[in-house]
Amino acid sequence: MHHLGILFLILAFCTISSASAASHGEISYAEHCGDTVPESEATALVVKHFDHISFRNGYFSGGAGLFSQVDTSAVFAPPSVNFQTKSLHKTEKNGTLRIQAAMTLFGASQNQRQHRRRFSPHAVVEEATFEDLAGFWSESTGKVCMVGRGVYSDGQGKSLLLSAVLILNFPTGSNLNTSLIDGEVEILNRVGEPNNIGSNSITVLAYYAPNPYHFTIFPQATSSCSAVKIEEDSSEIEPARACAFLFTQVFRIDYKNSADCAEDSCRPLGKSLGFTPRFLSLNQIFCLENGSINFYLDFSNSSSYPYDMPMRPERSLVGEAYWDRQRKQFCLLTCRVINADLPEHPHVGACDVGLTLWFPTVMTLKERSDVVGRIWSNKDKKDAEYFDMASIHSLNDGWNRIHGLKYNYTEADSVGNSCSNRITTSSESGHQVYPGPKSLGGVRLGINMNDAKGKRTWREANFMSVGDSVFEHHYRRKSGIRSSGAANTSIWNVGFEITKRSNPFDDDFEINELAAEGVYNSATGRFCMKGCRYPKQPGQYGTLDYESIDCEILVSIQLADLLDEDDEVHLDGTIRSTRIQSQPLYFDTIRISSSNNMGGREIDRSVWRMDAELIMVIITLTFSCICIALQIFHVKKQPHILPSVSITMLLVLVLGYTIPLLFANQTSGSAMLLWTRNWWISAHEVIVRMISIIALFLSLSLAQLAWSSRSSAAEDNRKLWVQERRVLKWCLPLYAAGALLAWLMSFESAALISYSGFVLNGFLLPQIVFNMAQQSKGKVLTPFFYVGIVVTRALPHLYDVYRSRSYVAIHSTNIYGSEEWDFYSTAWDIIIPCEGLLLASIVYLQQRFGSECLVPKRLRMQVYQH
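Encoded structure:
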């Protein structure tokens, strides 16, 4: 009862705070923006196309009163800003438009994990969001001035209400020299406001290249590229298709193998950048069908650094490129960004860095890039910022391969029979049947990796080549997977690959990526291959040392026998170092196996299952809301029964909906299968949170009605409070003992969260005890309420029984019937529905025949007295 009062106070405080925040006067546009873009009366005429008045992945600096001031060269991702126009109206003044927009500023991400979570509802980065900025845009000057309110969150639970003025300078043209947007956000401090944070000025810079874009530096680019002779062959490819390969690519820069870089006198890129970059990426690429592209180029020092990051002026170049049909390669020319202080504004500087990119025709064990190229300086060799030409190689995951790409085996002949004493012949393999080699090409599957110390991780593996053919990755099994043990040719050259699919949580594992080539015996299902890996860069988060390749590795894999046409590819094997233990690159043997024996079909089925579970969670919560609403309708129709509703029961119900809302930030229900489905997960989390809040509100409303019905000082009400205390006397020790037992069994707070779900399963227990204490009889609870809630709590357990029999178990992919919120096992899936059925049956009998109906006559007085 005391806890319920606290909840009411919290809700009242939130309501008062919201009303107080809304009571502040509107920010004066005339005061802050009148001199920049004078306001004008908006008309009903709506401008439909306004994408050119938006930008994403801009960069900002400043804001010391809000955002942590860190060295941006030392963070994983720098601060960024997104600006999205929501509506654009013409005004009575020609050339001035009324604009409404939203803006979000993200603080710097210290590491890859934090950067990924900025796109989640559970973001842990600093963030300021302004959803309803309003102002005007001048078409003639390109200036935008807006005012509005927003909310700042520090990622740790603290938030502030903000007022801000935004001024942006949009270019009036669309070419290389007008490809930068700059501006300023002023966080206001008004005397008397509760969030006095001082004046904060934030400077904004973003790349801008709206359509139609006018290319202007192709002649200079042609001159730059013609001076570079490339002897390697390039694949035949259409320009539009070639453009598609540049999206999402990150390239490593190889100075060591540069033709111009002598060992004693190497001049690497980086004099003007302040560091020697090891990676680069092309961002915000806009590509025409003829292969003309505009973009900005970003340098970094981590292979985990993703594409499409904010454009830091000191680390970025803006550029243009065209497709050279004769050479079958891209020719690129890039220009420096001069981040000058106002009033000069940032601008595009000298165009003196050239690049060329092409698509190799042959892949090898040590060179598996889909796109390769060169980067060089057009400056004079005597210039301090000149650098030697360097090679660049894409870091790709193989989902998109050039058609006709061939594989050249360089190590397959050297493995021989290293993996076993001898190779079994077809006649010795008996009736066992293994996958045919051609059917393996491109098959991608999840694998578990376990080292000698017990450490585990999850990776993706694929058979990238069979014979000289290179395959794109896919999860679906190709037709004709069965192979005859009596095939004429059973020994095939194969290429194999293990990759880390965007998982930042296990960078301490010994092997992040590995490539191997060798032989596959389709008669025995055995692979014997030589592998190569790039060791981790010391001191670098998730970065591999691409200058120290380790190829002293032996990979042995055994495929499982195919039992019928529906079988998928399963494997077991080892990865071991052939070095001596004292060498730095030596590692203990690692065991690999198919991830829970999952093939492509099981993965598809599991993804479908998770989609269905997301919907089931929403339906169940909605049904719970309906059940509680029907109970509210029931007691309002018969108010005389309200005092007989146990407030302890309602408090259990309230806590049952409160705890998931409080602890949802600490749980994660999306496993690797859904990393590429974050939009669906995020939408689901928002919907579930909204419905959970509605369920909590309805529960609180029902508790408030019950509480109010006992607020008078009548004798009957005093007796009811006495009986309520008896309920607490019976139930609280039981709940406390259960919580202690759950804690002692695991010593983890997660166990207490699961236990709270278990308590909610038995939410009717306090009502049963209360009925017995007051000797009540009557329809206090409608069956729609208590049976409905029991059903919603039992269904996940019944579903869990079906799921365990029908689907391969994958850790933390259970969304409906998740072990995060309740106890789930074969035993619990039987106990909990039976418990709910028993309690609902007791309530029904008590309401029909009286609370004493189940108590023997000789014990009734003892029960009522205690």
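Letter by letter, the sequence shown follows residues -21 to -1, 1 to 845 in mature numbering (1 follows the signal peptide of the UniProt record, and there is no 0). Virtual Cβ for every residue (Gly too), placed ideally from N, Cα, C.
Close beta carbons around residue i, own chain, < 6 Å, minus the five adjacent residues each side
i      : result
Ile354 : Leu334, Ala369 and Ile371
Val316 : Pro292 and Ser295
Glu118 : Gly74
Glu106 : Phe85 and Ser132
Helix, strand or coil at residue i [DSSP, three-state]
i      : result
His386 : Before going on, a small fix: residue 386 reads as Tyr here, not His. Three-state result, Tyr386: strand.
Tyr38  : strand
Leu344 : coil
Phe763 : helix
Val26  : coil
His324 : coil
Gln717 : In the sequence as displayed, the identity of residue 717 is Gly instead of Gln. Looking at Gly717 - three-state DSSP - the assignment turns out to be helix.
Ile232 : strand
Ile354 : strand
Thr599 : helix
Met288 : coil
His776 : helix
Thr64  : strand
Ser202 : helix
Beta-carbon proximity list for residue i, same chain, < 7 Å, skipping 5 on both sides
i      : result
Met566 : With the sequence shown as reference, residue 566 is identified as Phe, and Met is not the correct amino acid for it. Answer for Phe566: Glu489 and Ser556, listed in chain order.
Leu681 : Ile607, Gln610, Ile611 and Leu629
Arg512 : Ile490, Glu492, Leu493, Asp529 and Ile532
Rounded separation between residue i and residue j - CA only
i        : j      : result
Lys250   : Glu364 : 5 Å
Gly(-17) : Leu600 : For Gly(-17), the pLDDT reaches just 47, beneath the cut-off of 50, and the residue's location in the model is therefore unreliable, although a value from the coordinates is still provided. About 25 Å.
Lys137   : Ser7   : 27 Å
Tyr714   : Ile732 : 13 Å
Ala80    : Asp111 : 6 Å
Val769   : Gln617 : 23 Å
Phe109   : Leu267 : 34 Å
Pro514   : Thr120 : 53 Å
Lys72    : Glu20  : 8 Å
Gly37    : Gly162 : 11 Å
Arg169   : Gly42  : Low confidence applies to Arg169: its pLDDT is 45, below 50, so where it sits in the model is not reliable, and the reading given next is rough at best. Straight-line Cα distance between these residues: approximately 17 Å.
Tyr186   : Asn262 : 10 Å
Thr340   : Leu384 : 5 Å
Pro712   : Val667 : 32 Å
Leu818   : Leu743 : 6 Å
Tyr781   : Leu774 : 11 Å
Val631   : Leu675 : 11 Å
Residue from the options whose Cα sits closest to the Cα of residue i
i      : options                           : result
Pro150 : Ser33, Arg772 and Thr553          : Ser33
Thr627 : Val229, Glu703, Lys65 and Asn179  : Glu703
Ser783 : Lys345, Asp287 and Arg588         : Arg588
Cys204 : Phe309, Phe475 and Ser7           : Phe309
Phe749 : Phe265, Thr761 and Arg705         : Arg705
Asp362 : Arg246, Asp111, Lys432 and Leu675 : Arg246
Val25  : Asn190, Asn273 and Arg77          : Arg77
Gly127 : Glu118, Gln305, Leu141 and Val665 : Leu141
Gln305 : Met290, Gly270 and Ser281         : Gly270
Gly13  : Gln560, Lys27 and Cys124          : Cys124
Pro191 : Ser158, Gly162 and Thr201         : Ser158
Arg220 : Asp233, His68 and Ile381          : Ile381
Arg570 : Pro622, Lys434 and Glu5           : Lys434
Thr357 : Gly253, Glu390, Thr201 and Gly446 : In the sequence on display, residue 357 carries Asn and not Thr. Looking at the Cα atoms, Thr201 is the closest of the given residues.
Status (buried if at least 16 other CB within 10 Å, exposed otherwise) for residue i
i      : result
Glu215 : exposed
Ser393 : exposed
Phe265 : exposed
Phe224 : buried
Thr313 : buried
Arg827 : exposed
Ile470 : exposed
Pro337 : The question names Pro, but residue 337 in the sequence shown is Trp. It is buried - the Cβ of Trp337 has at least 16 other Cβ atoms within 10 Å.
Gln825 : buried
Leu45  : buried
Ser690 : exposed
Cys813 : exposed
Lys698 : exposed
Ser281 : buried
Cβ-based neighbour list, residue i, same chain, cut-off 8 Å, excluding 5 preceding and 5 following
i      : result
Phe39  : Pro58, Ser59, Val60, Leu84, Val164, Ile181, Thr182, Val183 and Leu184
Lys235 : Glu526
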